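Chains as they are written, first to last, in my numbering: chain A, 38 to 127; chain B, 679 to 833. For reference, the structure is listed below as structure tokens.
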Amino acid sequence: MRWGQDQPLTATDARKLLQTLEAKLTPTELAERRVAFRKARKFIADAETAGGVIIDGRPISKTWSDPGRLRSIRVDIEIWAGAAFVPDKE
Amino acid sequence: MAKYLFPNFMESSEEYSALRDFWRSHVWNAALEFSNADWSTPWLAELDRTLEAGNPIFSAWTRDRSRGLKVVQLPPEEGGDELSRWVEWFGGDAHDPAALRTLVIVCVLTDSNVMRIRKWIEEWVEVGECIEFEQTLEITTSADYSPELISAGPH
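This is how it looks when you write it as structure tokens:
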């Protein structure tokens, strides 16, 4: 699931993207990534609290997986350029 | 029993900083002796400690070999003495000239794990393969990887 837009992706919209991704998974695939999705949401929330994340030349690449599972079964967030997970405008 | 290295890196700024230095000086610099490519580190953004949280704790890449390395470190309470790895494409697929074939290592840092990690990284920078891994374990690659920015893999 990719995004590319003129404005930074808001944390709210990022959470919607995660929801959309979860909806595409089978119940088994979702169960295998329950903790990973929770951690991805926490990262988005923490980034939102910090005012968002800004790429200054080096991409961001995060990988989460569930304890006790094959670690390659995972949820990734990659940000290649721009800014993301910014708070909603007042 | 395994000895944990930097076990409190998630709570301590000083330990986190020392841990980053450990990866650069004790693991990476030793591995670089096996490479004749021009590697750069860090490859990925280094965030503040609470946002980064060891994910990744270390990264490097080489443009001329189209190869990357990403290490994710887990705290002991989360992963026991876990050590795993796989190879994936970053920024595209095998047909994309800008994509990087990337070794991802997920680990809890113990005295025994660090020896294996050093070996894996040496192999990766030298020949771009995981020799020990291929001999002993099923390799996990994302052959059908698509460059999703938020993704759940492997598919």
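Even for Gly, the Cβ is constructed at its ideal location relative to N, Cα and C. Predicted model only: the values in this text are computed from it and were never measured.
Straight across, the Cα-Cα distance linking R71(A) with V784(B) is about 18 Å.
Residues A715, D716 of the same chain have their beta carbon placed closer than 8 Å to that of D742(B), with the five preceding and five following residues left out of the count. Less than 8 Å separates the beta-carbon of A73(A) from that of W101(A). With fewer than 16 other Cβ atoms inside 10 Å of its own Cβ, T57(A) counts as exposed. Partner residues in the beta bridge of E115(A), as assigned by DSSP, are S98(A). In terms of beta-carbon proximity, D43(A) stays away from the interface with chain B, with every pair separated by 8 Å or more. Taking C-beta atoms under 8 Å as the contact rule, G732(B) and M688(B) qualify, at a distance of about 7 Å. For I795(B) against L747(B), the beta-carbon gap comes to about 11 Å, at or over 8 Å, which does not count as contact.
Burial check for L787(B): the Cβ neighbour count within 10 Å reaches 16 or more, so the residue is buried. Taking 8 Å as the threshold, the shortest C-beta distance from T788(B) to chain A does not fall below it.
Boundaries of the beta strand (DSSP E) around L761(B): 761 to 768.
The straight-line gap separating the alpha-carbon atoms of P64(A) and S690(B) is approximately 38 Å. Identification of chain A residues near S744(B) by a Cβ-Cβ cut-off of 9 Å yields none; the smallest Cβ-Cβ distance measures about 15 Å. Within 8 Å of the CB of A84(A), the CB atoms of chain B belong to L729, in sequence order along the chain. In the structure shown, Q56(A) adopts helical secondary structure according to DSSP, grouped into three states. The contact set of N733(B) on chain A, defined by CB atoms closer than 8 Å, consists of K99, T100, W101 in chain order.
Annotation note: the region 714 to 785 of chain B contains the following uninterrupted beta strand (DSSP E) runs of length 3 or greater, listed N- to C-terminal: 736 to 740, 745 to 751, 761 to 768, 778 to 785. Identification of residues in the region 749 to 760 of chain B having a C-beta nearer than 7 Å to some C-beta of chain A yields V750, E756, G757, given in sequence order. The three-state secondary structure of A73(A), taken from DSSP, is helix. With a contact defined as Cβ atoms closer than 8 Å, W706(B) and F684(B) miss out at about 15 Å. In the structure shown, T63(A) adopts coil according to DSSP, grouped into three states. The continuous stretches of alpha helix (DSSP H) do not include A87(A), and DSSP gives it neither H nor E.
In the DSSP assignment, I91(A) forms a beta bridge with A120(A). With respect to the C-alpha of R75(A), the residue from G119(A), D113(A), K126(A) having the closest C-alpha is D113(A).
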